[in-house]
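Enquirer: Just dropping this structure here.
Written out as structure tokens, the structure is:
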């Protein structure tokens, strides 16, 4: 230990990494690029996954192992003309997403918009009302720019230990928004994975490769219908 | 007389009798010598006693960092095998489940994310859960009670007795939690803590499928149990179960360098105490024996054998050493007991006062050994004192330079110093280095004294006034005290100044670490639109904005055209593939902060449109990706590729709570990129913290706040204590050093008596003698103090660089003060020494002293 207090700056840094979720997120452009270079002549339609570390594939070796990658694989094997763009950013909250969406709207056209945000809000105990407001803000911006785009909302729940009242309020945000904005809803993204020890990484919240496959299947179940 | 048997056996009782008889001749003078030994040993015993006591105090304080001897933590339920292990350890054990949850304040109807800790057992074993009211810290386990973090209480205007809802259970607030041991991890900072009794955990219904719970087990062992060894032994089992552990030693290492610095400092102080003891005892003994030479010569004339004379004085010195050491140990121990009592209103820390038998035995042993060792040197000369010496009244040193025993004695002295240094430092290399250092200092001082003797002889001009000539001549004439005084004054000054300088360095280091002006609150996830209003709100609350920076997440795409795949394939590139997997939190500015220093290249604060972007890389980051100034990096800023080159490499001081960055962009490119902001501030109290947090949460519900206050107070308290201990120990050692110095100058009292008296008899005026003495001591004092200080500066630089490993930045002005003070002190004591002669008629002095 060369410097005293090393513990704190290090802790503060790791905090950013932990709170913000992340490292390891091989490029979202990568997926686009590889998919784009896949032979087909006629332009493919684009599905943008806009989300946090779950979308980005925090802790996985490769972003293609995260659930958007799993969905891409299913699209490919079903021979559908869609390309998945991974717009995940570890640690993103709904408020962060509301700021970031402009950047993506400016440069990334899409046909289907999949919104996966809110998990970090829940883990930090932010008021569900503000999460709802931010998510609605994102949806409004998307609708304004691409009125034709189909919208999908991925529902999220918080761990049981947060308390029943908060859990219920939080869980209800998603069906309410989906209903109001006529979005396709995946009721709970982590269905069958959340809380199952061996499907999650050591931190207990990010799915393993195995877990991501189940998460991808959860999404595919609802998404398949609108492709 | 006619039948002297030179082959007679040694008659010990006679030797003892002679030793005693000889000492009777001048008890007053003997007392003076003993007093020097007493002060030397008292200094040593007092310093050692404080040292041992303080070490214990700090160690037990350090234990509050965890609150137990060992803690084992994990985030999943332990399996059967692990559970068996967990149940088998320790004398006392506690367990804790902690998790995030929303609590509800029933009366004020507020909801807040907290960190619930359900506790079972007597944890904390070290320190306590400090609560208001005090007894709540232990009583809350007796019923459905909770302890709630102070800031949280303030935030929700909650009072003791209010109820909170945790999950499905309701708890009454038994007390406000002010401080808790073991809360130094950052996890404590993220959310405020609420303690509940373990037995009501199930009632909350928060534990179950889909819960995220942390499991902690705390252990207390019997005193003396080797926790580290046990921890090493169970580590593989814990690893397999994804569990981790923490011990007091480990936590001390992680807490920073302060503990290491303190123990190194205490070793240094111990070592210096030993040398002070040496100086005190050795200078006394040396002069004492020299004065005995005439008596020895007379005894030889009377038929005493050389070996008998040697033994007589050896016995006498051992006796004197023993008496002096015993008295010194007693004095030292009483100082150690009295001082904290006397100073208790001034000392901000509590120093425990237990009799340290180790210190006492060490002191007595050292006293006797030093006395004998340093007496041996002049005593071996006794063997060569011929009876003629009396008749000649010669002051010429008896030539014994080639006596082989002399070298044996030198060797013994060196061995002794090395051994005792080892006892203090517990490191042979260190002990050897220190001993060599002392030898070098000793040699420097001796040669300075020797040069002084040579040069003053040449220097004195007949044109000088009598007083000047006489004053200077005293420095080289026979019976001069130049060498002995230069060495003892010089060494004492060197010790005092070294301690002073090192103390300065350490205190600067400790206060750098203490959080006084550092940030203790971090706000993050601030959106760009919220940046200005938040800054305004912060200022309006009277809080400083220590830093507010934008943070952009990006990833490294290429290093000089090489991608992650290339790096993985070709290890000769020496680019860590992990560098590509990492998400970088980057900021942009047009200038450097004062914790950054460019080591290579040039910092460019503004990007030119259309050209590659000049970035600054942190040195360790540059190393990881094997990049030099001018190398090209491509960053992927959330979908946009940015071509950059390394324009400079920075060294970052990661010492403080602040935002530091591996990669720094110039202004002009990232302003539009998706970003969030981080704000650091310093809140002076929990009340302010609560009000501020409330205001922020109300206006910007999405912003997350980390209050490091509670974390930092535990650490701060410790650092404060360490700082005071260093100040106290160095202050005390410096004072004892001065006392030893005084007493070693004091013993030169009888050196000058005869000459002064003769001068008086010859008609020298008081004034003249006064001036002569003053000049001699002034010159001796100034020269030795100066040499001592030069040695101290060199020594403290070496210590700072190699022992403490810190930059050498000291203020030398106070050292000039030390120089002046010691010179003045030497002159004053010299004059006091001859006061007796000046004030009494010469005959009286001659009668009593001749």
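Chains as they are written, first to last, in UniProt numbering: chain A, 1 to 227; chain B, 1 to 850.
Cβ atoms here follow ideal geometry from the backbone N, Cα and C, with glycine treated the same way.
Note that the structure is predicted; figures quoted are calculated from it, not measured.
For residue 213 of chain B, which residues in chain A fall below 7 Å Cβ to Cβ?
Expert: Reading the second chain from its first residue, position 213 is the one you call residue 213 of chain B. The contacting residues are 161.
Enquirer: Is residue 497 of chain B helix, strand or coil when you go by DSSP?
Expert: Stepping through the second chain from its first residue, residue 497 of chain B is reached at position 497. Three-state result, residue 497 of chain B: helix.
Enquirer: Can you tell me where the alpha helix (DSSP H) holding residue 181 of chain A begins and where it ends?
Expert: For the purposes of this step, residue 181 of chain A is taken as residue 181 along the first chain, with counting starting at 1. That run of the alpha helix (DSSP H) goes 164-181.
Enquirer: Is there a Cβ from chain A that is less than 8 Å from the Cβ of residue 572 of chain B?
Expert: What you label residue 572 of chain B is simply residue 572 of the second chain in a count that begins at 1. For residue 572 of chain B, the answer is no, since every Cβ of chain A falls outside 8 Å of its Cβ.
Enquirer: When you compare only the Cα positions, how much space is there between residue 97 of chain A and residue 672 of chain B?
Expert: Here residue 97 of chain A refers to the residue found at position 97 when the first chain is read from its first residue. Here residue 672 of chain B refers to the residue found at position 672 when the second chain is read from its first residue. C-alpha separation (whole angstroms): 15 Å.
Enquirer: If I follow the unbroken beta strand (DSSP E) through residue 677 of chain B, where does it start and stop?
Expert: On the second chain, residue 677 of chain B is found 677 positions in, with the first residue counted as 1. Per DSSP, residue 677 of chain B belongs to the beta strand (DSSP E) from 676-681.
Enquirer: Taking 8 Å as the threshold (beta carbon to beta carbon), is residue 126 of chain A in contact with chain B?
Expert: The sequence position of residue 126 of chain A within the first chain is 126, counting from 1. Closer than 8 Å to some Cβ of chain B, the Cβ of residue 126 of chain A qualifies, so yes.
Enquirer: Taking the beta strand (DSSP E) that residue 119 of chain B falls in, what are its first and last residues?
Expert: By one-based count along the second chain, residue 119 of chain B stands at place 119. Run containing residue 119 of chain B: 110-120, per the beta strand (DSSP E) assignment.
Enquirer: Short of 8 Å Cβ to Cβ, which residues in the stretch 187-217 of chain A face chain B?
Expert: So the list reads 194, 195, 197, 202, 203, 204 and 205, given in the order they occur along the chain.
Enquirer: How many Å lie between residue 60 of chain A and residue 219 of chain A at the Cα?
Expert: As a working mapping, residue 60 of chain A is identified with position 60 in the first chain. As a working mapping, residue 219 of chain A is identified with position 219 in the first chain. One C-alpha to the other measures close to 19 Å.
Enquirer: Kindly identify the DSSP beta-bridge partner or partners of residue 600 of chain B.
Expert: Position 600 of the second chain, counting from 1, holds the residue named residue 600 of chain B. B:649, per the DSSP bridge assignment.
Enquirer: For residue 852 of chain B, count the other beta carbons within 10 Å of its own beta carbon; 16 or more makes it buried, fewer makes it exposed. Which is it?
Expert: The requested residue 852 of chain B is not part of the displayed model; chain B covers only 1 to 850.
Enquirer: Could you check where the beta strand (DSSP E) with residue 113 of chain A kicks off and where it finishes?
Expert: Here residue 113 of chain A refers to the residue found at position 113 when the first chain is read from its first residue. Looking at the DSSP string, the run of the beta strand (DSSP E) that includes residue 113 of chain A is 112-116.
Enquirer: CA-CA distance, residue 68 of chain A and residue 87 of chain B?
Expert: Within the first chain, residue 68 of chain A is the residue found at index 68, counting from 1. Within the second chain, residue 87 of chain B is the residue found at index 87, counting from 1. If you take the alpha carbons of residue 68 of chain A and residue 87 of chain B, they lie about 44 Å apart.
Enquirer: Against chain B, with Cβ distances strictly below 8 Å, would residue 240 of chain A count as a contact?
Expert: Since the displayed chain A opens at 1 and closes at 227, residue 240 of chain A lies outside it and no answer follows.
Enquirer: Is the beta carbon of residue 421 of chain B closer than 8 Å to that of residue 795 of chain B?
Expert: By 1-based counting over the second chain, the position of residue 795 of chain B is 795. By 1-based counting over the second chain, the position of residue 421 of chain B is 421. Their beta carbons are not under 8 Å apart, which means residue 795 of chain B does not touch residue 421 of chain B by this criterion.
Enquirer: Taking DSSP's pairing of strands, which residues face residue 614 of chain B in a bridge?
Expert: In the second chain, residue 614 of chain B corresponds to position 614, counting from 1. Residue 614 of chain B pairs with B:645.
Enquirer: Output the boundary residues of the beta strand (DSSP E) element that contains residue 525 of chain B.
Expert: Numbered from 1 along the second chain, position 525 holds the residue referred to as residue 525 of chain B. Per DSSP, residue 525 of chain B belongs to the beta strand (DSSP E) from 521-527.
Enquirer: Can you list, in chain order, the residues of its chain whose CB lies under 7 Å from that of residue 175 of chain B, leaving out five sequence neighbours each side?
Expert: The residue labelled residue 175 of chain B in the question sits at position 175 within the second chain. The answer, listed in chain order, is 131, 132, 133, 136, 137, 140, 147 and 160.
Enquirer: Considering only their Cβ atoms, is the gap separating residue 701 of chain B from residue 130 of chain A smaller than 8 Å?
Expert: Start at 1 with the first residue of the first chain, and residue 130 of chain A comes out as number 130. Start at 1 with the first residue of the second chain, and residue 701 of chain B comes out as number 701. Their beta carbons are under 8 Å apart, which means residue 130 of chain A touches residue 701 of chain B by this criterion.
Enquirer: Against chain A, with Cβ distances strictly below 8 Å, would residue 632 of chain B count as a contact?
Expert: As a first step, residue 632 of chain B must be located in the second chain, where it is residue number 632. No, residue 632 of chain B does not count as interfacial toward chain A.
Enquirer: Under a three-way DSSP split, which group does residue 812 of chain B fall into?
Expert: Locating residue 812 of chain B in the second chain gives position 812, where the first residue counts as 1. Residue 812 of chain B falls in the coil class under three-state DSSP.
Enquirer: Among the candidates B:197, B:103 and B:689, whose CA atom is the shortest distance from the CA of residue 144 of chain B?
Expert: Locating residue 144 of chain B in the second chain gives position 144, where the first residue counts as 1. Looking at the Cα atoms, B:197 is the closest of the given residues.
Enquirer: At the 8 Å Cβ level, is residue 103 of chain A part of the contact set with chain B, yes or no?
Expert: Residue numbering aside, residue 103 of chain A sits at position 103 when the first chain is read from its first letter. By this cut-off, residue 103 of chain A is an interface position.
Enquirer: Closer than 7 Å between beta carbons: that is the criterion. Which residues of the stretch 64-96 of chain A meet it against chain B?
Expert: Answer in chain order: 89, 90, 93, 95 and 96.
Enquirer: Does residue 557 of chain B come out as helix, strand or coil in the three-state DSSP assignment?
Expert: As a first step, residue 557 of chain B is located in the second chain; it is residue number 557 there, counting from the start. Residue state, collapsed to three classes: strand.
Enquirer: Going by DSSP, name the residue or residues bridged to residue 635 of chain B.
Expert: To locate residue 635 of chain B, count along the second chain from 1; it is residue 635. Bridge partners of residue 635 of chain B: B:556 and B:642.
Enquirer: Could you tell me if residue 536 of chain B is buried or exposed, where buried requires 16 or more neighbouring beta carbons within 10 angstroms of its beta carbon?
Expert: By 1-based counting over the second chain, the position of residue 536 of chain B is 536. Exposed is the call here.
Enquirer: If you count every other CB in all the chains shown that lies within 10 Å of the CB of residue 232 of chain A, and 16 or more means buried, which is it?
Expert: Residue 232 of chain A cannot be examined here, being either before or after the span of chain A that is shown, 1 to 227.
Enquirer: Give me the subset of the stretch 101-113 of chain B whose CB atoms are less than 9 Å from a CB atom of chain A, sorted by chain position.
Expert: Correct list: 101, 102, 103, 104, 111, 112 and 113.
Enquirer: Can you tell me whether residue 671 of chain B is helix, strand or coil according to DSSP?
Expert: Numbered from 1 along the second chain, position 671 holds the residue referred to as residue 671 of chain B. Three-state result, residue 671 of chain B: coil.
Enquirer: Kindly indicate which residue of B:64, B:171, B:551 and B:761 has the alpha-carbon position closest to the one of residue 107 of chain B.
Expert: Taking the first residue of the second chain as 1, we reach residue 107 of chain B at position 107. When only C-alpha atoms are compared, the closest one is B:171.
Enquirer: In angstroms with no decimal places, state the Cα-to-Cα distance between residue 41 of chain B and residue 740 of chain B.
Expert: For this step, residue 41 of chain B is matched to residue 41 along the second chain. For this step, residue 740 of chain B is matched to residue 740 along the second chain. Approximately 9 Å, taken between the alpha carbons.
Enquirer: Please go through the stretch 696-784 of chain B and give each complete beta strand (DSSP E) segment of 3 or more residues, from N-terminal end onward.
Expert: As far as the stretch 696-784 of chain B is concerned, its whole beta strand (DSSP E) runs of at least 3 residues are 704-707.
Enquirer: Quick one: grab the DSSP three-state call for residue 31 of chain B.
Expert: One-based indexing of the second chain puts residue 31 of chain B at position 31. If DSSP states are grouped into helix, strand and coil, residue 31 of chain B belongs with the helices.
Enquirer: Opposite residue 95 of chain B in the DSSP bridges: which residues?
Expert: Position 95 of the second chain, counted from the start, is the residue given in the question as residue 95 of chain B. DSSP lists B:120 and B:217 as partners of residue 95 of chain B.
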